[in-house]
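Report on the structure given below.
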Amino acid sequence: METLRVENVNKSFGALEAVKDLSLAVPPGTVYGFLGPNGAGKTTTIRMIMEIILPDSGQILVNGRRNTSSDALDRVGYLPEERGVYRKMKVREALEFFAELKGMRRRTHGPKIDAWMERFEMTSVRDKKLEELSKGNQQKIQFLTTVIHEPDLIILDEPFMGLDPLNADLVKEVILEQKARGAAIVFSTHLMESAEKLCDAICLINKGQKVLDGEVRSVKRNFGRNHVALGYEGKPDFLVELKNHGLVERYNDSGNHVEIHLRNAASPQKLLAAAMQNVEVLRFEVVEPSLHEIFIATVKEN
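Quick note: the sequence shown uses numbering that gives the first Met the number 0, first residue 0, plus one each step.
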């Protein structure tokens, strides 16, 4: 049984169709990337899962039960995109409050809270009010309130926003640990590199509709083998010329390293020959496209 199942869900705001006939399923022990451009309908869908707003039609099941059940929502941890804390609460009080709100008993949550605070280097501020903390530390506390009760379903809307690289890596580590204990994690982000490293499966929506979904490996394999990684020394002007001559559909140049998406009829061998006439080629490899490339191409097509 899937931890989360969304079945034919629709939501409109006046004339705006925010979500159109959306279905998805997330099994236990899966990190599921919920991706899309701004305004695609991601946050609206997440709010429907959390019953902040209700769908116009369709249904949402958590552990096989409609999410109108309080028991179902008690097994969910939710980190919203719009950050917010009870500013006058002290750090430890806030963690205790949310643990008990989700059904944990004081004698069991105490040691867990201590362990989480130590791991996230929050012990020294345990008696400070949340309003006294930096935004990054407030973000860490809000993340901890999401996972403290070991939920079956964890929904993270832009979880790395406001975190420095060290703490972002710590959050990634915890996400993978939660997956290992069997939690289903729905993970919305604009950071395609993070999604590629963490996600087992993805769903890409655009203008409220699902346009791509599946296991990351399958999505990348099915997208085609017309991507080339090219390392070179020389001026990048040749890339514009190759595009003008019909070999290159688009490219992403990061300075002596470029990811190239060939036109459908273009041959990698022709690209290599053309590149060697203009620059010194240090690396040439036909590769699977990155999620970034897939995201850009799919959104443009739709």
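Ideal Cβ placement from N, Cα and C applies to all residues, glycine included.
Take the Cβ of VAL146 as the centre, count every other Cβ of all protein chains shown within 10 Å, and call the residue buried at 16 or more, exposed below.
VAL146 should be labelled buried.
When you compare the CB positions of PHE159 and SER193, do they come within less than 8 Å of one another, or not?
Yes, these two residues count as a Cβ contact at 8 Å.
Mind pulling the beta strand (DSSP E) runs of 3 or more residues that sit fully within the segment 71-103?
As far as the segment 71-103 is concerned, its whole beta strand (DSSP E) runs of at least 3 residues are 75-78.
Using the Cα positions of ALA182 and ASN243, report the straight-line distance between them to the nearest angstrom.
Approximately 49 Å, taken between the alpha carbons.
Work out the CA separation of VAL75 and GLU284 for me, nearest whole Å.
The C-alpha of GLU284 lies about 43 Å from the C-alpha of VAL75.
Helix, strand or coil, according to DSSP, for HIS260 in the structure here?
Strand, per DSSP.
With a cut-off of 8 Å, do at least 3 Cβ pairs link the segment 202-220 to the segment 279-293?
As far as the Cβ criterion goes, the segment 202-220 touches the segment 279-293, which means the pair count is three or higher.
Suppose you measure from the CA of ASN7 to the CA of VAL280; what does that come to, to the nearest Å?
Cα atoms of ASN7 and VAL280: separation of roughly 50 Å, rounded to the nearest angstrom.
For LEU60, which residues does DSSP report across the bridge?
In the DSSP output, where bridge partners are listed per residue, LEU60 has ARG4, ARG65.
With DSSP as the reference, identify every bridge partner of SER217, one or two as the case may be.
Within the DSSP secondary-structure output, SER217 pairs in no beta bridge.
By the DSSP assignment, the beta strand (DSSP E) with ARG282 in it spans what residues?
Unbroken beta strand (DSSP E) run through ARG282: 279-286.
When we look at the beta-carbon of ASN205 and count the other beta-carbons within 10 Å, is it buried (16 or more) or exposed?
ASN205 should be labelled buried.
Which whole-angstrom value is the C-beta distance of CYS198 and PHE186, which I expect to be below 8 Å?
Between PHE186 and CYS198 the Cβ distance is about 7 Å, and since that is below 8 Å, they are a contact.
Compute the distance between the beta-carbons of GLY102 and ASP73, then report whether it is under 8 Å.
In this structure, ASP73 lies closer than 8 Å to GLY102 by Cβ.
Tell me whether the segment 44-55 and the segment 85-98 touch, counting them as touching only if at least three CB pairs, one residue from each stretch, are closer than 8 Å.
At 8 Å Cβ cutoff, the stretches do not touch.
DSSP three-state label for GLY109, please.
In the structure shown, GLY109 sits in a helix (DSSP, three-state: H, G or I).
Using the Cα positions of GLY40 and GLY13, report the straight-line distance between them to the nearest angstrom.
Roughly 15 Å separates the two Cα atoms.
Residue closest to GLU176, alpha-carbon to alpha-carbon, out of ASN166, GLU149, ASP252:
Closest option to GLU176, Cα to Cα, is GLU149.
Opening and closing residue of the beta strand (DSSP E) in which ASN136 lies
Counting along the chain, ASN136 sits inside no beta strand (DSSP E); it lies in the alpha helix (DSSP H) bounded by residues 134-146.
Among the residues of its own chain, which have a CB less than 8 Å from the CB of ARG91, if the five just before and after it don't count?
Within the same chain, ARG91 has close Cβ partners ILE112, MET116, ARG125, ASP126.
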